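J.: This is the structure I have questions about; it appears just below.
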Amino acid sequence: MSRIDFYHLQKQTLDEVLPKLLIKVYASGKRAVVKIGKEERIEPINSYLWTFQDESFLPHGSKKDGFAAEQPIWLTSQNDNPNQAQFLFLTEGAECDETELASYERIFNIFDGNSEQALTQARDLWKKYKADGCEVFYWQQTDSGKWEQKA
Numbered sequence: 187m188s189r190i191d192f193y194h195l196q197k198q199t200l201d202e203v204l205p206k207l208l209i210k211v212y213a214s215g216k217r218a219v220v221k222i223g224k225e226e227r228i229e230p231i232n233s234y235l236w237t238f239q240d241e242s243f244l245p246h247g248s249k250k251d252g253f254a255a256e257q258p259i260w261l262t263s264q265n266d267n268p269n270q271a272q273f274l275f276l277t278e279g280a281e282c283d284e285t286e287l288a289s290y291e292r293i294f295n296i297f298d299g300n301s302e303q304a305l306t307q308a309r310d311l312w313k314k315y316k317a318d319g320c321e322v323f324y325w326q327q328t329d330s331g332k333w334e335q336k337a
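This note's numbering numbers the first residue of the sequence shown as 187 and each following residue consecutively.
So this is what it looks like as structure tokens:
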């Protein structure tokens, strides 16, 4: 079963956290799918990933860009893995089904700790994934913005 890490955003936004995590994935030579809960949010995130830092290059694409199989990072709102990614990032309320659970090494569920709806969804998913036999881990930001694993 997949390892699922829950990242509870409290001190930073998705725009601040997602690129940092994706840089680590890209540097490791692995591939990622970023599943976004709302189709209309794909292109703003796509554009942001090109411009978030002047000194970094984070190759990625979406349906609009094409060449899915060659993209190290693929942005979607669908249940697809056209780039044969090992990692799945769930953002903005996106969820994964049983097939997706089994097909990724690691799943990152990044949720907004300032949204009661996102907190409730994360708690429900935690219970579901744990009951399905997945390894689940919870990460919370410290006051300095660093990630700390909680029991």
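Backbone N, C-alpha and C define an ideal beta-carbon position, used for all residues, glycine too.
Just so we're clear, the structure is a prediction, and the values are computed from it rather than from any experiment.
Anyone know if the C-beta pair for ASN295 and LEU311 falls short of 8 Å?
T.: Cβ distance < 8 Å, so ASN295 and LEU311 count as in contact.
J.: Could you pull the DSSP bridge partners for ILE259 from this structure?
T.: DSSP output for ILE259 lists ALA218 as bridge partner(s).
J.: Can you grab the Cα-Cα spacing for the pair LEU244 / ALA213, in whole Å?
T.: Rounded to whole angstroms, LEU244 to ALA213 spans 10 Å at the Cα level.
J.: Could you give the distance in angstroms between the alpha-carbon of LYS221 and the alpha-carbon of ILE259?
T.: Taking the straight line from one Cα to the other gives about 11 Å.
J.: Going by the CB atoms, is the gap between LEU195 and PHE297 shorter than 8 Å?
T.: The answer is yes: Cβ separation under 8 Å.
J.: Taking the alpha carbon of LEU200 as the reference point, which residue from GLN335, ALA337, GLY331, TYR315 has its own alpha carbon closest?
T.: Nearest option by C-alpha distance: GLY331.
J.: Taking the straight line between their C-alpha atoms, what separation do you get for ARG292 and THR237?
T.: Their backbone Cα atoms lie some 26 Å apart in a straight line.
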